[in-house]
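Contents: one structure, followed by commentary.
Numbering (this note's numbering), first residue to last: 175 to 284.
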């Protein structure tokens, strides 16, 4: 995926490097362990393109790569990545679906 760096130059990142996409003031940000990049598109378009590849919309302001989730804080309603250094919010309506998915993962690893 070609994204923009903060200085305006472009670079390529791999799909599996993506932790989540977020939206702030009509700008889409791609979050990886290496940093934050800008992507000129909409969250709806991203969700449509990546839905079958392990990405889920957990809140109206993000689309998350569920394969990269390292944990979930049910009190704060966030999923976290990168040893807790990065996180994305989870809406109340999406919480049951996320918990079901995470419990399935836990069973598979046992």
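Ideal placement from N, C-alpha and C gives every residue a C-beta, glycine not left out.
These numbers were taken from a predicted model, which means no experiment stands behind them.
Residue range of the unbroken alpha helix (DSSP H) whose run includes residue i
i	result
residue 222	217-224
Coarse secondary structure for residue i, derived from DSSP in three states
i	result
residue 273	helix
residue 240	helix
residue 197	strand
Identity of the residue in the options nearest residue i by Cα
i	options	result
residue 207	215, 198, 217, 242	242
residue 285	271, 192, 279	Limits of the chain in this structure are 175 at one end and 284 at the other, which puts residue 285 out of reach.
residue 276	230, 200, 203, 214	230
residue 166	227, 273, 257, 181	Residue numbering for the chain in the displayed model covers 175 to 284; residue 166 lies beyond these limits and cannot be assessed.
residue 209	177, 266, 279	177
Boundaries of the beta strand (DSSP E) in which residue i is found, first to last residue
i	result
residue 231	229-233
residue 250	Where residue 250 is concerned, there is no enclosing beta strand (DSSP E), given that its DSSP letter is neither H nor E.
residue 260	260-263
residue 209	209-213
residue 181	Counting along the chain, residue 181 falls outside any beta strand (DSSP E), and DSSP gives it neither H nor E.
Cβ shell of residue i (< 8 Å), same chain only, five flanking positions each side left out
i	result
residue 236	194, 195, 196, 197, 217, 262, 263
Integer Cβ distance of residue i from residue j, believed to fall under 8 Å
i	j	result
residue 188	residue 202	With a Cβ gap of about 18 Å, residue 188 and residue 202 do not count as contacting.
Cβ neighbours of residue i in the same chain (closer than 7 Å, five flanking residues each side left out)
i	result
residue 185	177, 179
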